[in-house]
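Heads up: the protein sequence lines correspond to chains A and B, in order.
Using the numbering used here, read the first sequence as starting at 1 and increasing by one per residue.
Using the numbering used here, read the second sequence as starting at 1 and increasing by one per residue.
Beta carbons: idealized from backbone N, C-alpha and C, even for Gly.
On a predicted model such as this, the values are computed, not experimentally measured, just so you know.
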Amino acid sequence: MALALTARGPGPVPAPLRSKRRRDRLTVLAFLAPWLIGLAVFFIYPLVMTVYYSFTRFDLVTAPHWIGLRNYQFFFTKDPKVWQAVRNTAWLVVILVPARMLFGLGVSMVLTTLRRGGGIFRTLFYLPALAPPVAATLAFVFMFNPETGPVNVGLKSIGITGPLWFNDPAWAKPALVLLGLWGIGDLMIIFLAALLDVPKDQYEAASLDGVKPWQRFRYITFPNIRPVLTFGAVTGVIAALQYFTEASVAATVASGKANIGEGIGTTLGYPDGSTLTYPQWLFVKGFSDYALGYASALAVLLFAVSVVFTVILLRRAHAFTPTEESLR
Amino acid sequence: MKRQRFFATLGAGLALATVAACSGSSTAAPSVPPSPTAKVTGTVEFWHFFTGREEAAVKAAVADFHAKYPDITVNVRGGQDDEKMLKAIAAGQPIDLALSSTTDRAGKFCQSGAFKDLKGYIDRDKLDLTQFPDAVLAYTQFNGVRCTLPMLSDVYGLYYNKAMLSGAGVTDAPKTTSDLTALAKKLTVFNPDGSIKVAGFVPEMGWYENAPAHFAPSFGSKWLNPDATSAIGGDPSWQEMAKWQKDLVDFYGIDKLTKFTAGLGQEFSADNAFEKGKVAMVIDGEYRSAFVKDEAPTLQYGTAPFPTGDSHTDLDGGGYITGNIMGIGKGSANPEAAWLLMRYLTTDTDAMVKLANAIKNVPTTKAALASPNLEADANYKTFLDIFGNAHSSTTPASPTGSQYQDAMADFFTKWQGGKVSDLGAALLDVDKQINDALALATGP
Numbered sequence: 001m002a003l004a005l006t007a008r009g010p011g012p013v014p015a016p017l018r019s020k021r022r023r024d025r026l027t028v029l030a031f032l033a034p035w036l037i038g039l040a041v042f043f044i045y046p047l048v049m050t051v052y053y054s055f056t057r058f059d060l061v062t063a064p065h066w067i068g069l070r071n072y073q074f075f076f077t078k079d080p081k082v083w084q085a086v087r088n089t090a091w092l093v094v095i096l097v098p099a100r101m102l103f104g105l106g107v108s109m110v111l112t113t114l115r116r117g118g119g120i121f122r123t124l125f126y127l128p129a130l131a132p133p134v135a136a137t138l139a140f141v142f143m144f145n146p147e148t149g150p151v152n153v154g155l156k157s158i159g160i161t162g163p164l165w166f167n168d169p170a171w172a173k174p175a176l177v178l179l180g181l182w183g184i185g186d187l188m189i190i191f192l193a194a195l196l197d198v199p200k201d202q203y204e205a206a207s208l209d210g211v212k213p214w215q216r217f218r219y220i221t222f223p224n225i226r227p228v229l230t231f232g233a234v235t236g237v238i239a240a241l242q243y244f245t246e247a248s249v250a251a252t253v254a255s256g257k258a259n260i261g262e263g264i265g266t267t268l269g270y271p272d273g274s275t276l277t278y279p280q281w282l283f284v285k286g287f288s289d290y291a292l293g294y295a296s297a298l299a300v301l302l303f304a305v306s307v308v309f310t311v312i313l314l315r316r317a318h319a320f321t322p323t324e325e326s327l328r
Numbered sequence: 001m002k003r004q005r006f007f008a009t010l011g012a013g014l015a016l017a018t019v020a021a022c023s024g025s026s027t028a029a030p031s032v033p034p035s036p037t038a039k040v041t042g043t044v045e046f047w048h049f050f051t052g053r054e055e056a057a058v059k060a061a062v063a064d065f066h067a068k069y070p071d072i073t074v075n076v077r078g079g080q081d082d083e084k085m086l087k088a089i090a091a092g093q094p095i096d097l098a099l100s101s102t103t104d105r106a107g108k109f110c111q112s113g114a115f116k117d118l119k120g121y122i123d124r125d126k127l128d129l130t131q132f133p134d135a136v137l138a139y140t141q142f143n144g145v146r147c148t149l150p151m152l153s154d155v156y157g158l159y160y161n162k163a164m165l166s167g168a169g170v171t172d173a174p175k176t177t178s179d180l181t182a183l184a185k186k187l188t189v190f191n192p193d194g195s196i197k198v199a200g201f202v203p204e205m206g207w208y209e210n211a212p213a214h215f216a217p218s219f220g221s222k223w224l225n226p227d228a229t230s231a232i233g234g235d236p237s238w239q240e241m242a243k244w245q246k247d248l249v250d251f252y253g254i255d256k257l258t259k260f261t262a263g264l265g266q267e268f269s270a271d272n273a274f275e276k277g278k279v280a281m282v283i284d285g286e287y288r289s290a291f292v293k294d295e296a297p298t299l300q301y302g303t304a305p306f307p308t309g310d311s312h313t314d315l316d317g318g319g320y321i322t323g324n325i326m327g328i329g330k331g332s333a334n335p336e337a338a339w340l341l342m343r344y345l346t347t348d349t350d351a352m353v354k355l356a357n358a359i360k361n362v363p364t365t366k367a368a369l370a371s372p373n374l375e376a377d378a379n380y381k382t383f384l385d386i387f388g389n390a391h392s393s394t395t396p397a398s399p400t401g402s403q404y405q406d407a408m409a410d411f412f413t414k415w416q417g418g419k420v421s422d423l424g425a426a427l428l429d430v431d432k433q434i435n436d437a438l439a440l441a442t443g444p
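Take a look at the structure:
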């Protein structure tokens with residue numbers, strides 16, 4: 001059939017053949033329909049609407065009013081807190097993501113070397129990942145309470161004055177990183193699977209050649225697990241750009257302030273805006289200040305940055321498959 | 001070519017959908033609803049913010065309403081906040097009646113049309129608005145649009161621990177902020193390591209009910225000009241408030257204060273610091289007395305108007321007033337029944353007094369305030385007096401909601417942390433933030 005189609009000249013296509021091709025295309029479309037509908041309804045349409053709203057003044061209730069580029073102008077020149085939110089989110093991308101990657105890789109490498117009890121340790125390291133983020137953050141804030149938390153009480157017993165953790169602008173984000181490291185199980189388990197998948201014969205050959213541990217990692221382990229590391233980095237960066245739940249729960253609980261009837265928008269960022277992330281600020285503007293037009297502009301910019309980050313990461317890491325060159 | 005046609009069709013469809021979605025409804029002009037010809041029946045979806053003990057009191061009031069109007073069923077949904085309510089209304093969810101805990105968003109609710117304009121109902125049923133005090137009437141409308149009615153109010157004053165004060169040889173509550181500072185220092189107890197054991201008064205802004213809005217009436221501080229632009233930078237009373245607050249923060253040290261407050265219980269729990277005797281004096285609403293009765297019945301405490309700024313002693317007796325505001329949702333499926341329930345909860349003297357007695361909020365009609373059934377002990381009466389005082393005030397409604405207060409709260413966080421070197425310039429910067437936000441929300 002393929003031969004017949006490609007050999008066809010520029011003349012008119014016979015009617016039966018046209019009909020069959022139409023049927024084939026309709027069949028393909030029918031099979032693709034669920035995905036196409038999902039893509040259109042849950043991605044393309046919201047994206048188009050978000051871009052449209054970003055050029056309007058829109059308070060959720062009344063009809064949007066076109067204001068051109070004023071939302072973007074406000075973002076770059078007048079929003080008093082957005083750059084703090086940008087800095088906090090960038091901090092999480094630069095510190096939290098690599099810290100989780102390194103810690104997850106380190107833990108999984110240690111676990112591959114265990115001769116006994118590996119299953120128990122794998123379970124122990126994975127378990128925190130099963131805790132719901134809200135409950136885990138709640139527990140962490142109480143554990144790191146500067147006055148009554150067991151961490152500072154323990155530090156005090158050995159003569160160290162612990163920091164204020166979630167109540168100190170300088171320590172709040174590092175405390176969130178500790179929370180991220182504690183819940184490393186999700187990353188650890190895929191790194192572990194990738195490490196166990198590295199061909200043993202390559203290690204044996206290297207061993208015969210007398211390579212050092214670092215060379216072993218650099219020239220055998222790393223090239224083999226690079227696709228998984230890339231996956232971890234890409235998903236980690238995207239998650240950091242969307243970081244919301246842990247920071248909002250930590251801020252609300254640590255502030256000790258009730259926001260009954262007012263919504264969470266009133267306590268986000270505590271202390272002193274140090275945990276205010278970009279998506280949180282987007283939420284505050286959209287649903288606490290009812291400036292959905294401006295929030296849409298924030299969302300468009302976040303989307304653009306996410307795309308750029310992802311493309312750069314994928315290009316730098318040669319995508320998800322190890323190449324001959326990388327394995328050489 | 002076919003592929004291009006397919007994507008062109010998809011794009012056209014999306015564009016059509018976009019245009020259709022963008023031509024959404026605009027705020028309808030208020031119309032006088034006709035008198036219901038038949039008996040009002042059906043279901044009312046009623047959203048409010050109360051939880052726990054207070055939610056039970058609301059349910060009891062609604063049960064009384066149902067007994068009076070058995071043909072109307074009310075679905076009561078407690079624990080809802082303003083963000084959720086507005087999202088639900090915008091999404092077309094038929095919330096018939098909504099109760100917000102703050103007046104801060106009255107401007108937004110009325111201006112956007114999220115709550116229906118009540119003028120038609122008020123005119124038709126000849127509802128007497130003079131039954132509400134003037135201050136309450138002011139905070140339940142915006143720019144001439146009355147989209148809410150008041151259902152109880154919150155009044156703020158000083159709570160003090162009588163045992164601690166008498167232990168220090170003091171019998172009367174402080175009258176000025178200097179008195180408060182001196183007494184706070186006297187009542188504060190430090191641990192041997194220098195940390196705070198008991199605080200006389202926690203001045204840290206953002207802790208519990210410490211908010212610029214709650215202190216503002218004691219200094220006569222002005223928030224906004226009539227055109228909703230900021231008046232903060234040009235009002236010297238804000239500087240007086242900031243300096244008083246920072247002096248007391250510096251007495252403790254911000255790090256010590258933060259560590260101390262981090263170890264205190266949550267505000268609305270039985271571990272509340274005032275109820276536990278960890279703090280001698282706090283600013284709080286009248287509702288605290290009901291919590292004390294429930295959670296710390298043996299606590300000996302007194303109440304008083306919050307001390308005035310040293311140069312504002314003429315404001316003695318006043319305080320901050322805010323309130324719960326009730327509106328009929330834009331997409332209400334049963335507005336007539338919602339209006340009936342709203343009238344019952346906001347104007348029926350017995351219902352209001354019963355609710356006020358249960359949750360110790362201040363009634364918002366003159367008749368309920370004067371009712372002999374209103375249980376008013378000495379502590380609660382303080383708040384009734386503040387409510388009626390001519391110097392009491394509330395925060396103004398703004399098209400930007402509470403953004404102007406948020407800007408001020410952000411300033412205080414930096415100020416108390418020692419990150420502000422030029423107080424006047426910092427307050428002018430707050431002006432700019434507020435005015436920029438206003439321009440974005442209301443500009444051409």
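So for Arg146(B), helix, strand or coil by DSSP? For Arg146(B), the three-state secondary structure derived from DSSP is coil.
May I have the straight-line CA-CA distance separating Trp91(A) from Lys381(B), to the nearest angstrom? 52 Å
Within chain A, the residues that Lys108(B) reaches when beta carbons sit closer than 8 Å: Under the 8 Å cutoff, chain A gives Asp59, Tyr290.
Taking just the CA atoms, how far does Lys259(B) sit from Glu295(B)? 25 Å
Looking only at its chain, what residues have a beta carbon closer than 6 Å to the beta carbon of Phe46(B), apart from the 5 residues adjacent to it on each side? Cβ within range, chain order: Val74, Val76, Leu97.
In the structure shown, what three-state DSSP assignment does His65(A) receive? strand
Going by C-alpha to C-alpha distance, which of Tyr159(B), Ala163(B), Asp154(B), Leu118(B) sits closest to Gln141(B)? Leu118(B)
Quick check on this structure: which residue in Lys116(B), Ser392(B), His48(B) has the alpha carbon closest to the alpha carbon of Thr322(B)? Nearest neighbour of Thr322(B) by Cα position, chosen from Lys116(B), Ser392(B), His48(B), turns out to be Ser392(B).
Establish whether the CB of Phe166(A) and some CB of chain B are separated by less than 9 Å. yes
On the three-state DSSP scale, how would you describe Asn361(B)? coil
Who are the near neighbours of Phe74(A) in its chain, counting only those whose CB is closer than 6 Å to its CB and skipping five residues on each side? none
Limits of the unbroken alpha helix (DSSP H) element including Ser100(B): It is not in any alpha helix (DSSP H) - Ser100(B) instead sits in the beta strand (DSSP E) that spans 97–100.
List the DSSP bridge partners of Trp47(B). Arg77(B), Ala98(B)
Sheet register partners of Ser393(B) (DSSP bridge): Paired residue(s): Tyr320(B).
What are the start and end residues of each continuous alpha helix (DSSP H) run of 4 or more residues lying completely inside the segment 30–112 of chain A, in chain order? 45–53, 70–77, 82–91
Expressed to the nearest angstrom, what Euclidean distance is found between the alpha-carbon atoms of Thr103(B) and Ser108(A)? C-alpha separation (whole angstroms): 54 Å.
So Ser398(B) and His312(B) are supposed to be a Cβ contact under 8 Å. How far apart are they, rounded? Incorrect: roughly 24 Å between the Cβ atoms, too far for contact.
Taking 9 Å as the CB-CB limit, is Leu423(B) close to chain A? no
How big is the Cα-Cα spacing for Ala231(B) and Leu224(B)? 5 Å
Out of Cys110(B), Ile72(B), Leu149(B), which one is the CA nearest neighbour of Thr445(B)? This structure gives no information on residue 445(B), because the portion of chain B shown stretches from 1 to 444.
Between Gly418(B) and chain A, is the shortest Cβ-Cβ distance under 9 Å, so that the two count as touching? Not one chain A Cβ lies under 9 Å of Gly418(B).
Just to make sure I have the definition right: I need the residues of chain B whose C-beta is within less than 9 Å of the C-beta of Arg23(A). Which are they? Near Arg23(A) there are no residues of chain B at all, since even the closest Cβ is about 14 Å away, more than 9 Å.
Of the residues Leu438(B), Leu423(B), Leu440(B), Asp429(B), the one placed nearest Gln245(B), counting alpha carbons only: Leu423(B)
Taking the alpha-carbon positions, what's the Asn389(B) to Thr395(B) distance? 16 Å
Chain-ordered residues of the segment 72–100 of chain A with a beta carbon less than 7 Å from chain B: Phe74, Lys78, Pro80
Candidates Trp207(B), Ala211(B), Met205(B), Pro236(B): which alpha carbon is nearest Gly220(B)'s? Pro236(B)
Expressed to the nearest angstrom, what Euclidean distance is found between the alpha-carbon atoms of Val44(B) and Asn324(B)? So the two alpha carbons sit approximately 19 Å from each other.
On the three-state DSSP scale, how would you describe Phe144(A)? coil
What is the DSSP secondary structure of Phe190(B), counted as helix, strand or coil? strand
Could you check the C-alpha separation between Arg116(A) and Leu105(A) for me, to the nearest Å? 20 Å
Got a sec: is the Cβ-Cβ distance from Leu264(B) to anything in chain A below 9 Å? yes
Would you mind working out which of Phe49(B), Arg53(B), Val40(B) sits nearest Val292(B), comparing C-alpha positions? Arg53(B)
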